[in-house]
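Chains as they are written, first to last, in our numbering: chain L, 1 to 224; chain C, 1001 to 1224. For every residue, glycine included, the Cβ atom is placed at its ideal position computed from N, Cα and C. Keep in mind that this is a model prediction, so the values were computed, not measured. Step one of this worksheet: look at the structure below.
2 protein chains.
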Amino acid sequence: MITISKEDYLKEIYNLSCESRAKVSTSTLAEKLSVSNAAISEMAKKLHNSGLVTYEKYKGVKLTGKGKRQALKIIRRHRLWESFLMDALGLSWSEVHAEAEKLEHQTSDFLIDRIDEYLNHPKCDPHGHPIPQRDGKIPAVPQSLNLTAAEKGNCYTIVKVVDENKELMDYLTSISIGLNTEIKLIERLSFDNSILVVIGNSNYRLSEQVASKVFVTLNRNSNE
Amino acid sequence: MITISKEDYLKEIYNLSCESRAKVSTSTLAEKLSVSNAAISEMAKKLHNSGLVTYEKYKGVKLTGKGKRQALKIIRRHRLWESFLMDALGLSWSEVHAEAEKLEHQTSDFLIDRIDEYLNHPKCDPHGHPIPQRDGKIPAVPQSLNLTAAEKGNCYTIVKVVDENKELMDYLTSISIGLNTEIKLIERLSFDNSILVVIGNSNYRLSEQVASKVFVTLNRNSNE
DNA sequence: ATACAAAGTTAAGTATACTTAAATATTTTG
DNA sequence: CAAAATATTTAAGTATACTTAACTTTGTAT
Ligand SMILES: [Mn+2]
Ligand SMILES: [Mn+2]
Ligand SMILES: [Mn+2]
Ligand SMILES: [Mn+2]
Chain L
1 MITISKEDYL KEIYNLSCES RAKVSTSTLA EKLSVSNAAI SEMAKKLHNS
51 GLVTYEKYKG VKLTGKGKRQ ALKIIRRHRL WESFLMDALG LSWSEVHAEA
101 EKLEHQTSDF LIDRIDEYLN HPKCDPHGHP IPQRDGKIPA VPQSLNLTAA
151 EKGNCYTIVK VVDENKELMD YLTSISIGLN TEIKLIERLS FDNSILVVIG
201 NSNYRLSEQV ASKVFVTLNR NSNE
Chain C
1001 MITISKEDYL KEIYNLSCES RAKVSTSTLA EKLSVSNAAI SEMAKKLHNS
1051 GLVTYEKYKG VKLTGKGKRQ ALKIIRRHRL WESFLMDALG LSWSEVHAEA
1101 EKLEHQTSDF LIDRIDEYLN HPKCDPHGHP IPQRDGKIPA VPQSLNLTAA
1151 EKGNCYTIVK VVDENKELMD YLTSISIGLN TEIKLIERLS FDNSILVVIG
1201 NSNYRLSEQV ASKVFVTLNR NSNE
């Protein structure tokens, strides 16, 4: 049987291997999951024995096909719950992650399909992450650009935020940043890489750390 | 911290003490929770030490005020989830229990209040059970009568089903029995206590076992 | 190449929630 | 009221998922 812990490990291995592409080191995993290295070594053996990851001592772990499919299922549940809580119950994009983090482990295939239908098979969750489909395929999302790489004078549309920290989300909301918000880059300060942007009728200065979490697409009709 | 297991124990102790009023024996609990007597003895000590039940060796357990409040909270979550899954996602009354059984343990106070608001503070769940309120109070429900005690010639309205077995619920649905369905008693066979009833335009024979799970209220204008 | 620091694993121990089997209360009954 | 039957607890052991501390491997730096 796959436990809540194992689901969380698989999900994290998946997320880390998306970033780095290769095998995931046990200490990176330990860091992300807030457990000791020892706990990871132990679990790595178990997951290996269940055929969910490949694991060689001192060489890190990597999802197998089976493990990847399982991870995508959990991520699908997570993102569908987030979308559903926003849509059906009106939670905000800063509130849904914490709830989904728990509900994702207690959701039958039957229920998640009902939620998917209710939402009409959405492609993205409230933070702009693609929702894996029933068959494990990930919907194509438009190529996006990190805000730190945006250019002075251009207008962009916000399409993704890659950190679901509640404080960050609430801060973004407080300066009118949401999914699909239009944003124009006024200037970049090379001293700290902070940027000055226009959102609606107001100017805001965003730190490099904040900008690095936000992804955008360039608007065609970019010069006024 | 209160674990999923502990929540299930408290819920079951509450349900059993509603039936029997007094202390709950460890073996009855073991039976209901499908664990060994030994597991119950152990858990009884732990719950006693956390002040959730009183427990004396060989004398069974009883919820304290704190334990009862906790139990009602879990039951509230369960019944609100059942109602919500039916209302928002269109699950049937035979499907909601199994899902709620899992979700009830992973639901924040914040989320359950949102669900309660969405449903407009319902008094009863899809099986006719009262939903404990935020403050722990249980809404008054009309006095009801077991179908086994119904009298020949009378018309009744179904207000509660006290077993959430999926097969039973699906069977009831198949003979058009739902909450608020009107039903008329034609005759009772004293041989097996089975009853013949009219529902809509059809006659059905219900076994004593089935009737014993169904509760009704007498309709005022009962004779045609 | 060696030596050392960092990364990772193993060992030993803890807590939770179970099990079966043995021991001990309690209750029933002749 | 004592013996037998039944109910319940304790003892010992298992699995999961953690911990810290000791040990081993790996990679790097001179
Ligand atoms: Mn999330
Ligand atoms: Mn999780
Ligand atoms: Mn139920
Ligand atoms: Mn439960």
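Along chain L, which residues have their Cβ under 7 Å away from the Cβ of residue i?
i	result
E1151(C)	Near E1151(C) there are no residues of chain L at all, since even the closest Cβ is about 41 Å away, more than 7 Å.
A1088(C)	A88
Y1118(C)	L89
K1102(C)	Q106
Could you compute how far the alpha carbon of residue i sits from the alpha carbon of residue j?
i	j	result
V1234(C)	R69(L)	Residue coverage of chain C in this structure runs from 1001 to 1224, which leaves residue 1234(C) outside it and unanswerable.
E1164(C)	L1080(C)	15 Å
L33(L)	Y9(L)	8 Å
Q1143(C)	K1160(C)	11 Å
G1067(C)	S20(L)	48 Å
P122(L)	D116(L)	7 Å
R1076(C)	Y1118(C)	15 Å
A1030(C)	A1044(C)	11 Å
Q133(L)	L1147(C)	47 Å
I1158(C)	Q1209(C)	16 Å
Y1014(C)	I1002(C)	16 Å
S25(L)	I131(L)	26 Å
K1152(C)	W1093(C)	28 Å
V1198(C)	K1184(C)	5 Å
V1061(C)	K1023(C)	5 Å
T107(L)	S36(L)	28 Å
N120(L)	E82(L)	14 Å
D1192(C)	V1216(C)	21 Å
D1113(C)	N49(L)	42 Å
K46(L)	I40(L)	10 Å
K11(L)	H78(L)	10 Å
T28(L)	E42(L)	15 Å
E1099(C)	Y156(L)	42 Å
H97(L)	H1097(C)	25 Å
So with CB distances below 9 Å, who are the chain C contacts of residue i?
i	result
R69(L)	Chain C residues near R69(L): none, gap ~22 Å exceeds 9 Å.
L91(L)	F1110, L1111, R1114
E99(L)	Q1106, T1107, S1108, F1110, L1111
Using the Cβ count rule (16 or more neighbours within 10 Å means buried), how would you classify residue i?
i	result
Y1058(C)	exposed
S1222(C)	Residue placement at S1222(C) cannot be trusted, given a pLDDT of 44 that sits under 50; the coordinates are not used to answer.
V1004(C)	Before going further, note that residue 1004(C) is Ile rather than Val in the sequence given. It is exposed - the Cβ of I1004(C) has fewer than 16 other Cβ atoms within 10 Å.
A1038(C)	exposed
E224(L)	At E224(L), the pLDDT of 47 sits below 50, so the modelled position is not reliable; the number obtained from the coordinates is stated separately. The residue in question, E224(L), is exposed, as its Cβ has fewer than 16 Cβ neighbours within 10 Å.
K1226(C)	Given a span of 1001 to 1224 for chain C in the structure shown, any question on residue 1226(C) remains unanswerable.
G65(L)	exposed
L1189(C)	exposed
F1084(C)	buried
Of the choices the options, whose alpha-carbon is the least far from that of residue i?
i	options	result
I1186(C)	N1154(C), G1060(C), M1043(C)	N1154(C)
R220(L)	Y204(L), L196(L), E182(L)	E182(L)
K195(L)	Y156(L), I158(L), V216(L), A150(L)	This sequence places Ile at residue 195(L); Lys is not what is there. Closest by alpha carbon: A150(L).
N180(L)	S212(L), E104(L), G200(L), R114(L)	G200(L)
L1111(C)	K46(L), K152(L), L103(L), K184(L)	L103(L)
L218(L)	L145(L), S190(L), V162(L), L189(L)	L145(L)
V162(L)	R188(L), A211(L), F191(L)	A211(L)
S17(L)	L63(L), K46(L), I40(L)	L63(L)
D109(L)	V1035(C), H1078(C), E1095(C), L1047(C)	E1095(C)
E101(L)	A1100(C), E1101(C), H1105(C), A1098(C)	H1105(C)
If the cut is a Cβ gap below 8 Å, which residues of chain L does residue i touch?
i	result
L1145(C)	Correct list: empty, because the minimum Cβ distance to chain L is about 35 Å.
Report task. Kindly confirm or deny that the segment 1133-1151 of chain C and the segment 1064-1082 of chain C touch, where touching means at least three C-beta pairs closer than 8 Å. Result -> A contact exists between the segment 1133-1151 of chain C and the segment 1064-1082 of chain C.
Requested in this report: Decide if the segment 76-91 of chain L is in contact with the segment 41-59 of chain L; the criterion is three or more beta carbon pairs, one per stretch, under 8 Å apart.
Outcome: Below 8 Å, too few C-beta pairs join the segment 76-91 of chain L and the segment 41-59 of chain L to call them touching: fewer than three.
Query raised in the report: Can we say the segment 1115-1134 of chain C touches the segment 1154-1169 of chain C, given the rule of at least three CB pairs closer than 8 Å?
Result: yes
Query raised in the report: Pick out every residue whose C-beta is nearer than 6 Å to a heavy atom of ligand 5: which are they, in chain order?
Result: Ligands in the displayed structure: ligand 1, ligand 2, ligand 3 and ligand 4; ligand 5 is not one of them.
Query raised in the report: Taking one C-beta from the segment 1172-1179 of chain C and one from the segment 1195-1209 of chain C each time, how about it: are there three or more such pairs within less than 8 Å?
Result: yes
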